[in-house]
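Asker:
Chains as they are written, first to last, in this note's numbering: chain A, 7 to 643; chain B, 4 to 101.
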């Protein structure tokens, strides 16, 4: 068959092999002298780069096919088969997954290269690259999986690597707790995903449980079951992509090394939820109610996280909240059935957010692990390369034209407006202003004004080339990625949307050109206002503010963590301790105790036969043999 | 008159058993075991004669060879036991008592 290509399975295999080799190398030398960092670095970067090359091959092969039958499949082997459920370890590359594939491997490769510089000198250098490769392999399985089950394998794989890498500096208890939190919150989401899959299989899975068959059978789904499936799958997406109410793990996840934050917790893994919703667009498109729920939760998350972001001190926390906020935009996009707009925002966001994180990593690296923005300042002249690339990233994040974020965010807002979700559009525009404000707050406080910590300032300098070159490449991406999907009013023809169209079920709403231009002008005006306010307040050197009232409330994240702790964690702990202290010893352990008591008593009974004298044992033997002979002679007669 | 041979064989075997279970000296126990082996030999030979076949002779010779090997081994064990405790009383060696 022309659609079957065997190299598709190799794409996730290269990073996974790299992870295996690096892991074995690290384990075998963890007590002795480790291998050189150069060797680890080269081995760690080979896998992602080869995968990137293959991703490009896949892309060009798809491009050469007719638009309505663009897909490649490879069924590696039958995984298991129970009743009607036949699960093949299969891979599917269609326009949607190929887009994800290309940018995941591209940004993954860049971040691996950057990490060679950032992690140098760390005693667990090999372990870090092993985990990173494992992550990339799992992410590629997630993206390429031909059905929900294979996607779930990757889904869990990236969750595991996220946990391992958040807790990477495991000598500090806080980091381990942050890893635990991420893992546990994700389990809640995963439960939703598994239940959603089960319902989906129960409803329409009997004649094939992969995307192509499901899509063909999606018309058999009743609206009620469809709604349940959509909402349960969205619970899974909420966990992985940090939406209300499961967003709490992502800011804590910043405990990991900065390249991890850039790769996993900004560019790739956290967008898996958006990818999943877009993947299941053939179901979501038939259930507008589910779409509305997704969109509203998305936009409210965007608003909440943006408010938190305005008041944070930690440079990585600000970026983490902005990630949560941007993810909210993406869900708003896919929720209003503008799947291609949401995926395009995933694409551009990956560039500018990875850029901002890597830039923040360079700043942290230069200031010897200082993360408080109120201890920075005036770094513009000391770190020009970092400054200029981060400025591009900030403009893209704020959505300033013509940077990439502008086109993708405007596409989402416009889709919300055009499909009649005026409330979502309104909040979205307001959040765009807040985003511009907190992004430029970060830029102005860190890079402008007077240095606040003179000693650290004097030693600060641009990072080595292995770190700055990925920054510049990403800056180029953040600057230009938007032009790939130029809307009609700028003379473009929405190339990315057209590319994605065969994978998705969507229709583009139309409004008059005037409305589109007016909405765009309003957004730009709000963004500029945000930047100007940030400039007035912070550009000429502000001091660390004392937060009171609402600001203090927002700085403490509305005390949501404390609330969750009281409402969920403590009751669970209480139940756990009840079970541990009274239920377990008195109820569940009873049969173990009884059987051990029986055996002990029986042993005491039989003990009297074991007298220890050889002649007594001889008597036993004679008796036994006599009985056997007697029985034998009986049976012979 | 095969019955007579067999009765003699049974008597010898029972004396052997009685020796094993009632005597405490290791050497006497060992001699009793030899007696039991020879009772079996006698039965083999008797049956061999009765059936007019050589199979019983072969087995009897084999038992003798095994008994010789066993004697060498058992006497070595007896010497070690004596070195260990200074006595040849089987009741001294009762480590397996439950």
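Where is the CB? At the ideal position from N, CA and C, for every residue including glycine.
1) With 16 other CB atoms within 10 Å as the buried threshold, where does residue 33 of chain A fall?
2) Who pairs with residue 83 of chain A in a beta bridge, going by DSSP?
3) Nearest by alpha-carbon distance to residue 182 of chain A: which of A:191, A:170, A:192 and A:193 is it?
4) Strictly under 8 Å for the Cβ-Cβ distance: is residue 159 of chain A near chain B by that measure?
5) Is DSSP giving residue 464 of chain A helix, strand or coil here?
6) Specify the secondary structure class of residue 228 of chain A as computed by DSSP and reduced to three states.
7) Of all the CB atoms in chain B, is at least one closer than 8 Å to the CB of residue 608 of chain A?
8) Looking at C-beta atoms only, is the number of pairs between the segment 262-282 of chain A and the segment 216-226 of chain A that lie closer than 8 Å three or more?
9) Determine the direct distance from the alpha carbon of residue 23 of chain B to that of residue 6 of chain B, and round the result to whole angstroms.
10) Would you call the segment 142-155 of chain A and the segment 53-67 of chain A touching, i.e. three or more CB-CB distances under 8 Å?
11) Taking the alpha helix (DSSP H) that residue 431 of chain A falls in, what are its first and last residues?
12) Check residue 196 of chain A in the structure and name its three-state DSSP category.
13) Who are the neighbours of residue 94 of chain B on chain A, taking C-beta pairs under 7 Å?
14) Which runs of the alpha helix (DSSP H) fall wholly inside the segment 235-319 of chain A and span at least 4 residues, in chain order?
15) Do three or more CB pairs link the segment 308-319 of chain A to the segment 438-458 of chain A at distances below 8 Å?
16) Any beta carbon of chain A sitting closer than 8 Å to that of residue 81 of chain B?
17) Please report the distance separating the alpha-carbon of residue 429 of chain A from that of residue 17 of chain A.
18) In chain A, which residues lie with their C-beta within 7 Å of the C-beta of residue 23 of chain B?
19) Please state whether the Cβ-Cβ distance between residue 79 of chain A and residue 215 of chain A is less than 8 Å.
20) Cα separation between residue 638 of chain A and residue 12 of chain B?
21) Throw me the rounded Cβ distance for the residue 99 of chain A and residue 218 of chain A pair, which I believe falls under 8 Å.
22) 8 Å is my cut-off, CB to CB: does residue 182 of chain A come that close to chain B?
23) So the candidates are A:66, A:300, A:371 and A:372; which of them puts its Cα closest to the Cα of residue 338 of chain A?
24) Taking 8 Å as the threshold (beta carbon to beta carbon), is residue 20 of chain B in contact with chain A?
25) Residues in its own chain within less than 8 Å of residue 378 of chain A by CB, not counting five upstream and five downstream?
26) For a contact meaning CB atoms closer than 8 Å, what does residue 584 of chain A contact in chain B?
27) Give the single residue among A:201, A:110 and A:395 whose Cα lies nearest to the Cα of residue 59 of chain A.
28) Using a threshold of 8 Å, state whether the C-beta atoms of residue 395 of chain A and residue 455 of chain A are closer than that.
29) Compute the Euclidean distance between the alpha carbons of residue 575 of chain A and residue 503 of chain A, then round it to the nearest angstrom.
30) Could you check whether the segment 350-365 of chain A touches the segment 273-292 of chain A, counting it as contact only if at least three pairs of C-beta atoms, one from each stretch, sit closer than 8 Å?
31) Give the secondary structure of residue 497 of chain A by DSSP, where H, G and I count as helix, E and B as strand, and everything else as coil.
32) Compute the Euclidean distance between the alpha carbons of residue 262 of chain A and residue 367 of chain A, then round it to the nearest angstrom.
33) Is it buried or exposed for residue 640 of chain A, if we count other Cβ within 10 angstroms and need 16 for buried?
34) Assign residue 378 of chain A to one of three DSSP states: helix, strand, or coil.
35) Taking DSSP's pairing of strands, which residues face residue 92 of chain B in a bridge?
36) Is it true that the CB of residue 264 of chain A sits closer than 8 Å to the CB of residue 370 of chain A?
Answerer: With the given structure in hand:
1) exposed
2) A:95
3) A:170
4) no
5) helix
6) coil
7) no
8) no
9) 25 Å
10) yes
11) 428-453
12) helix
13) 619
14) 255-258, 264-268, 278-285, 287-290 and 294-315
15) yes
16) no
17) 42 Å
18) 621 and 624
19) no
20) 20 Å
21) The pair is not a contact, with the Cβ atoms about 12 Å apart (cut-off 8 Å).
22) no
23) A:300
24) yes
25) 319, 320 and 321
26) The premise fails here: residue 584 of chain A is roughly 43 Å from chain B at the closest Cβ pair, so nothing lies under 8 Å.
27) A:110
28) no
29) 43 Å
30) yes
31) coil
32) 11 Å
33) exposed
34) strand
35) B:28
36) yes
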